[in-house]
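Here is the structure we will look at, set down as structure tokens.
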DNA sequence: GGCGTTAACTTAACAACGTTAAGTAGATTG
DNA sequence: CAATCTACTTAACGTTGTTAAGTTAACGCC
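Residue numbers (the working numbering), protein chains in the order written: chain P, 1 to 226; chain Z, 1 to 226.
In structure tokens:
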């Protein structure tokens, strides 16, 4: 009975079809919409057939997300290829690629950062997978070329990653791309626009160039209230 | 039959007891461990009794989290009171309070940032609730006192919030407090230590003070590969 | 060419879940 | 005193992940 033609079945690679259906459902309806029975129905097999290829739902989801992050790595590699080694632009481009991919595939990100209990064992399994190594290389290069101050590169990577990831998570929590209740013009901007607007702050810091050459007015020294 | 003594019941405030049981379960076992039946069992009523006080599970969880974020607001207010108005220290302390509270109550945070579909309607309902306004005030004060460069305060708040929140999310994804697989010394640090280590980067930027007074070696201009 | 093993499924069923419907004891009220 | 309301209860529905047991086709082997 191998290769029988059910509705929408692909003769042969059932495991691949399950992964594909699961991926589509995750993107379409989120983790809650990805049920074993729905996946099975799309593939054209019974729900329990999935257990022949995957240990349980958790492993199925994990495999789907892992697959997604391989594409993610390619995004980042492409961003790096597009800019000269050692440049700040390259570092910035990696961040933008992170953001862009996450916005286009937000279901993956939401899921990956919620697998709490057992899964992420190695750093390769972590949210950005091999992307960490790529960003780190871009940072080290930029430090060597003098485009960036020389400090502990892992600290620098963590700083850049945190900033980008936080912006992403807040944007996603505000319901994809836009949060209409934000009244301020600033908040109405897309995550990518905000990321770019962060540029001067990231390069020169919150003190700013002016504050470093000229002394500014001192703050009142008393502990304020309200 | 009001005020009957079931196991662990509090005579009188059943609604409060439900909220309390739900809060404990959320902290103990996460969102998955918070089931209507388990909550009801702890309170000493039947599962469906909960629907007399809450419309559905979503509302129950929402109320629990909202309650948690009220305590969170108090954390931040206290951090602000402890430092002089207009100072950078005050801004930093708000960030630390954010981090500290989130680490001590990570169940709240995980949940709040995963309510995707309907809920967060107003900015007050958003992840940090009224904390946004408090941080914004600290930032505006710091700008006026000259302790911080003067730019769009909402942009500055978004920058600081993103950085702190991202660090938090990454740390939580790495399984509370510590991620043993990280080999680097940098990554082995606690979120709070990392936050403090970010200090120079946040104040002076990734270029650094040195790079702004003296010209650095230029980067190679060709598009790099690998 | 029958035989045993295995891969690839199937149906039936279980426990747990959120939720609804219908009923009921006790207090409050006209 | 009947009617209503509050604060629940039990029973049940549909869906979920998952397990157990059975079935069917294919393959290697003497």
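Virtual Cβ for every residue (Gly too), placed ideally from N, Cα, C.
30: these are the residues of the region 26-53 of chain Z whose beta carbon lies less than 7 Å from some beta carbon of chain P, given in chain order. At least one C-beta of chain Z is nearer than 9 Å to the C-beta of residue 159 (chain P). Contact between residue 85 (chain P) and residue 141 (chain P) holds: CB atoms are separated by about 5 Å, below the 8 Å threshold. Under the Cβ distance rule, residue 66 (chain P) does not count among the residues neighbouring chain Z, no pair being separated by less than 9 Å. Taking 9 Å as the cut-off, the Cβ atoms of residue 168 (chain P) and residue 112 (chain P) do not count as close.
For the region 195-207 of chain Z, the set of positions with a beta-carbon nearer than 8 Å to some beta-carbon of chain P reads 197, 198, 200, 201, 202, 203, 204, 205, 206 and 207 in chain order. Here residue 164 (chain Z) is buried, its C-beta having at least 16 other C-beta atoms within 10 Å. From the beta-carbon of residue 69 (chain P), no residue of chain Z is found nearer than 8 Å; the closest lies around 13 Å away. In the same chain as residue 89 (chain P), and ignoring 5 residues on each side of it, the C-beta atoms closer than 7 Å to its own belong to 83, in chain order. For residue 166 (chain Z), the chain P residues whose C-beta falls within less than 8 Å of its own C-beta are 161, 162, 163, 164, 165, 166, 167, 168 and 169, listed in chain order. Counting every other CB atom within 10 Å of its CB across the protein chains shown gives residue 62 (chain P) a total of 16 or more, marking it as buried.
Listed along the chain, the chain Z residues whose CB falls inside 7 Å of the CB of residue 113 (chain P) are 169 and 173. At a cut-off of 9 Å between beta carbons, residue 18 (chain Z) makes no contact with chain P.
For the pair residue 194 (chain P) and residue 204 (chain Z), the CB atoms are not nearer than the 9 Å cut-off. Fewer than three Cβ pairs drawn from the region 29-49 of chain P and the region 66-84 of chain P lie within less than 8 Å of each other, which leaves the two stretches out of contact. Proximity to residue 47 (chain Z) across Z:28, Z:18 and Z:94 peaks at Z:18, based on C-alpha coordinates. For residue 88 (chain Z), at least one C-beta of chain P is nearer than 9 Å to its own C-beta. By the 16-neighbour rule on beta-carbons within 10 angstroms, residue 154 (chain Z) is buried.
Apart from the 5 residues on each side of it in sequence, residue 57 (chain Z) sits with its Cβ closer than 7 Å to the Cβ of 36 in its chain, given in chain order. Listed in chain order, the non-local C-beta contacts of residue 145 (chain Z) below 6 Å within the same chain comprise 86, local neighbours out to five positions each way being set aside. Scanning its chain for C-beta atoms nearer than 6 Å, with the 5 sequence neighbours on each side dropped, one finds around residue 172 (chain P) the residues 106, in chain order.
Going by DSSP, residue 199 (chain Z) is part of the alpha helix (DSSP H) stretching over 199-204. Contact between residue 162 (chain Z) and residue 166 (chain P) holds: CB atoms are separated by about 4 Å, below the 8 Å threshold. Under a 10 Å Cβ-count criterion, residue 29 (chain P) is classified as exposed, with fewer than 16 other Cβ atoms of the shown protein chains found around its own Cβ.
Put simply, the backbone Cα of residue 81 (chain P) is about 12 Å away from that of residue 97 (chain P). Between residue 79 (chain Z) and the set Z:43, Z:110 and Z:138, the nearest pair of CA atoms involves Z:138. For residue 158 (chain Z), the closest of P:60, P:191, P:93 and P:27 by C-alpha to C-alpha distance is P:191. By the criterion of a C-beta distance shorter than 6 Å, residue 160 (chain Z) is surrounded by no residue of its chain, once the five residues flanking it on both sides are discounted. If you draw a straight line from the Cα of residue 130 (chain Z) to the Cα of residue 76 (chain Z), it is about 10 Å long.
Within the model, the alpha-carbon separation for residue 26 (chain P) versus residue 54 (chain P) is close to 17 Å.
Taking a 10 Å sphere around the C-beta of residue 51 (chain Z), we find fewer than 16 other C-beta atoms and assign the residue as exposed. For the options Z:15, Z:100 and Z:93, the alpha carbon positioned closest to that of residue 59 (chain Z) is the one of Z:15. Secondary structure note for residue 106 (chain Z): its alpha helix (DSSP H) is the uninterrupted segment 106-112.
The beta carbon of residue 64 (chain Z) lies closer than 7 Å to those of 19, 22, 23 and 26 in the same chain, with the five residues before and after it left out. Taking a C-beta distance under 9 Å as the contact criterion, residue 199 (chain P) and residue 110 (chain P) do not qualify as a contact pair.
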